[in-house]
Amino acid sequence: MKSMKEIRWHGRGGQGAKTAAMLIGEAAINAGKFVQAFPEYGPERMGAPVACYDRIADEEITIHSPVLHPSAVVVLDETLMDSIDVTKGLPEKDGVLIVNTPFAKEEVTKKITWKGKVVVIDASKIAQETIGKPIPNTPMMGALVGATKIIDIEHLIEDTKTKLEKKFRSKPEIIDGNLKAIRAAYEEVSKQ
Amino acid sequence: MEKTILARTGNEAMAEAMRQINPDVCAAYPITPATEIMQIFSGFVSDGLVKTKLITVESEHSAMSACLGSAAAGARTMTATSSQGLALMHEILFIVSALRLPIVLADVNRALSGPINIHCDHSDTMAERDTGWIQIYAENSQEAYDLLIQAVRIGEHRDVLLPVCVSTDGFIISHGMERLETYPDAEVQKFVGEYKPVYNILDVDNPITVGSLVLTDYYLEHKRAQHEAMKNSLRVMSEVFSEFGKTFGRTYDFCEKYRCDDAEYILVCLSSTAGTAKAAIEELRNQGMKAGLLKIRAFRPFPAEQITNTLKNAKAIAVLDRSESLSTRSGPVATEIKAALYDACVNKPMQTYIYGLGGREIYIEDIKKVFNNLKDAKCGGQVEYLGVKE
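Note that the protein sequences, when read in sequence, are chains A and B.
Sequential numbering of the first sequence, starting at 478, is according to my numbering.
Sequential numbering of the second sequence, starting at 120, is according to my numbering.
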């Protein structure tokens, strides 16, 4: 299916990789797309490596097998790159690797032999500054959209706002912080 | 009709259908990967969105026993479970169907121990094949939602009065979020209607005995009646599918035929794998192979006529079974298909496979391999394992 884009998320248990994959998926559904969003289930525990996936298309997606060839990979924790082949199946032509790291791009590319487009962003710092906690999932949603334009950023922000308003009715600062984090990461990546 | 587009996992879709059905009683016990269905539904109970009496029990054996009691009292009754949970319900499942209690069960297909495993295969429901329940397998969240609503009408029909199990593939569908179209609460309520039980034990003016001892005198007649009810369900299901289609714009059938009209090679499977097969068939069609898919939704009753009519024109047939019956021959789906073809005097080259046990992934490439192997298929081919490490 030509219109279908596949995304793989790498994170550690507790970083919100699953939540991010679901939020992106839901925002795309609300924008009229057909979507699948699903985690890879194994032993679940705080800090252990986890992977999650999105499929986004303009028509119904019938495939129900794991994603083998994502067009974008999001890494919420760059230390995962020491033990996991995060670029597996990612094409060097057209593919993009988006890494949350405080280091420069050169430091990240040193860890991999993959020669495609790499985008780095300090999402944990952005989260600390905007939300008050170094949870990188929402800024990495902004970074993904900045790097791939897979959905409209204003739509993502609006949709996430609606979702967070339901969950954090009594904590408006959390909602504002997350939305600022998405936009900040989006803008920074869009410049790269 | 106005439709709402939501992002929902299979479990969320089934819980949403249950909210709209608004059953009188649910008794349930948690088990991965079905726990969420009742967890979400219990939220609906707490929030007052349904009038259901929720009974939390200490095991699945108790859950099904409580469901039996409530259904015998004339209440519309539902529950959800998976794998070992369904296995623990086993002895009560026979009693529910023999008592002709139209309980609706949402099952999430998961491998049976051992070795212990939490992922998808169909061994749990296939092990309950002969319990007298109607069994329907959903491909995705949308089918799970639509079929659960229809299950209520099918089971409760006066000419059927049988329990119904609707299942989804564990994790693949139960925990995968997809686009789901839902219908207005009032329309779903109108479709399922008010449940008017034929008999109930609380009707003191018309006292009945439930669960009496039946020996050599009438046991055989009881089973004959169940057999008739299952036969009737073929007609009733057709009627319900058709009415659902007219009401909600999505028409179901016992099977889904995908590109079968001119197909030379047809693959038969159930549930989520059918979706992957559709994508494989598109690729094969582009390469010039006339490939088709026959997806079986209703395994009980077994729609033999529809299946043989579809398969009789194929050059060769492949059947994928996501459970083992360890007969050293084919799995339960293939065995049933062979029997149906024999009855129709159709003898075709067929290759049968066991695949996906314990959640082993199945890819487009695996299915393309199955189709390509069909070119050399012969009658009397032995069962093979697909995707096995050996």
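For each residue, glycine too, the CB sits at the ideal point set by N, CA and C.
Separation of residue j from residue i, as counted between CA atoms
| i | j | result |
| --- | --- | --- |
| residue 122 of chain B | residue 269 of chain B | 17 Å |
| residue 226 of chain B | residue 583 of chain A | 50 Å |
| residue 511 of chain A | residue 191 of chain B | 43 Å |
| residue 459 of chain B | residue 513 of chain A | 36 Å |
| residue 639 of chain A | residue 653 of chain A | 12 Å |
| residue 106 of chain B | residue 245 of chain B | No answer is possible for residue 106 of chain B: it lies beyond the span of chain B, which begins at 120 and ends at 509. |
| residue 173 of chain B | residue 285 of chain B | 20 Å |
| residue 125 of chain B | residue 482 of chain A | 20 Å |
| residue 645 of chain A | residue 657 of chain A | 15 Å |
| residue 589 of chain B | residue 479 of chain B | Absent from the structure is residue 589 of chain B, since the part of chain B shown begins at 120 and ends at 509. |
| residue 132 of chain B | residue 188 of chain B | 27 Å |
| residue 151 of chain B | residue 222 of chain B | 21 Å |
| residue 501 of chain A | residue 507 of chain A | 10 Å |
| residue 357 of chain B | residue 329 of chain B | 30 Å |
| residue 421 of chain B | residue 232 of chain B | 27 Å |
| residue 202 of chain B | residue 262 of chain B | 20 Å |
| residue 566 of chain A | residue 519 of chain A | 20 Å |
| residue 318 of chain B | residue 339 of chain B | 22 Å |
Amino acids of chain A, ordered along the chain, whose beta-carbon sits closer than 9 Å to that of residue i
| i | result |
| --- | --- |
| residue 294 of chain B | 515, 516 and 518 |
| residue 480 of chain B | 542 and 543 |
| residue 483 of chain B | 540 and 542 |
7 Å Cβ cutoff, residue i in contact with chain C
| i | result |
| --- | --- |
| residue 301 of chain B | Absent here is chain C; the protein component of the structure consists of chains A and B. |
Where residue i meets chain A, residues with beta-carbon distance less than 7 Å
| i | result |
| --- | --- |
| residue 256 of chain B | In chain order: nothing, as chain A lies at least about 13 Å away. |
| residue 358 of chain B | Simply none; closest approach about 27 Å. |
| residue 290 of chain B | 518 |
| residue 397 of chain B | 539 |
| residue 352 of chain B | Simply none; closest approach about 28 Å. |
| residue 394 of chain B | 539, 540 and 541 |
| residue 391 of chain B | 541 |
Pair within 7 Å by beta-carbon distance, residue i and residue j
| i | j | result |
| --- | --- | --- |
| residue 553 of chain A | residue 488 of chain A | yes |
| residue 510 of chain B | residue 382 of chain B | Nothing can be reported for residue 510 of chain B, as the shown portion of chain B is limited to 120 through 509. |
| residue 618 of chain A | residue 497 of chain A | yes |
| residue 605 of chain A | residue 613 of chain A | no |
| residue 393 of chain B | residue 258 of chain B | yes |
| residue 355 of chain B | residue 279 of chain B | yes |
| residue 296 of chain B | residue 499 of chain A | yes |
| residue 607 of chain A | residue 659 of chain A | no |
| residue 431 of chain B | residue 387 of chain B | no |
| residue 186 of chain B | residue 171 of chain B | no |
| residue 180 of chain B | residue 207 of chain B | yes |
| residue 229 of chain B | residue 167 of chain B | no |
| residue 441 of chain B | residue 240 of chain B | yes |
| residue 251 of chain B | residue 216 of chain B | yes |
| residue 379 of chain B | residue 429 of chain B | yes |
| residue 198 of chain B | residue 147 of chain B | yes |
| residue 299 of chain B | residue 127 of chain B | yes |
| residue 272 of chain B | residue 359 of chain B | yes |
| residue 348 of chain B | residue 266 of chain B | no |
For residue j and residue i, believed in contact at Cβ under 8 Å, the rounded distance
| i | j | result |
| --- | --- | --- |
| residue 209 of chain B | residue 247 of chain B | 7 Å |
| residue 487 of chain B | residue 433 of chain B | Rounded, the Cβ-Cβ distance is 17 Å, inconsistent with contact. |
| residue 426 of chain B | residue 385 of chain B | Between residue 385 of chain B and residue 426 of chain B the Cβ distance is about 10 Å, and since that is not below 8 Å, they are no contact. |
| residue 621 of chain A | residue 595 of chain A | In fact, because the Cβ distance is near 14 Å, the residues do not count as touching under 8 Å. |
| residue 564 of chain A | residue 544 of chain A | The Cβ separation is near 14 Å, so there is no contact. |
| residue 684 of chain A | residue 480 of chain A | Nothing about residue 684 of chain A can be reported from this structure: the residues present for chain A run from 478 to 669 only. |
| residue 558 of chain A | residue 602 of chain A | In fact, because the Cβ distance is near 18 Å, the residues do not count as touching under 8 Å. |
| residue 593 of chain A | residue 568 of chain A | 7 Å |
| residue 483 of chain B | residue 402 of chain B | 7 Å |
| residue 255 of chain B | residue 369 of chain B | About 15 Å separates the two Cβ atoms, so there is no contact after all. |
Status (buried if at least 16 other CB within 10 Å, exposed otherwise) for residue i
| i | result |
| --- | --- |
| residue 336 of chain B | exposed |
| residue 599 of chain A | buried |
| residue 481 of chain B | buried |
| residue 516 of chain A | buried |
| residue 363 of chain B | buried |
| residue 501 of chain B | exposed |
| residue 509 of chain B | exposed |
| residue 294 of chain B | buried |
| residue 542 of chain A | buried |
| residue 485 of chain B | buried |
| residue 556 of chain A | exposed |
Contact list for residue i against chain B, beta-carbon separation under 7 Å
| i | result |
| --- | --- |
| residue 625 of chain A | Under the 7 Å cutoff, chain B gives no residues; its nearest Cβ is about 19 Å from residue 625 of chain A. |
| residue 506 of chain A | 124, 126 and 298 |
| residue 499 of chain A | 296 |
Partner residues on chain B for residue i, Cβ-Cβ distance less than 9 Å
| i | result |
| --- | --- |
| residue 511 of chain A | 297 and 298 |
Contacts that residue i makes with chain B (C-beta to C-beta distance below 8 Å)
| i | result |
| --- | --- |
| residue 503 of chain A | 126 and 296 |
Heavy atom of the ligand GTP within 6 Å of residue i beta-carbon
| i | result |
| --- | --- |
| residue 510 of chain A | The ligand GTP is absent from the structure shown, which contains no ligand whatsoever. |
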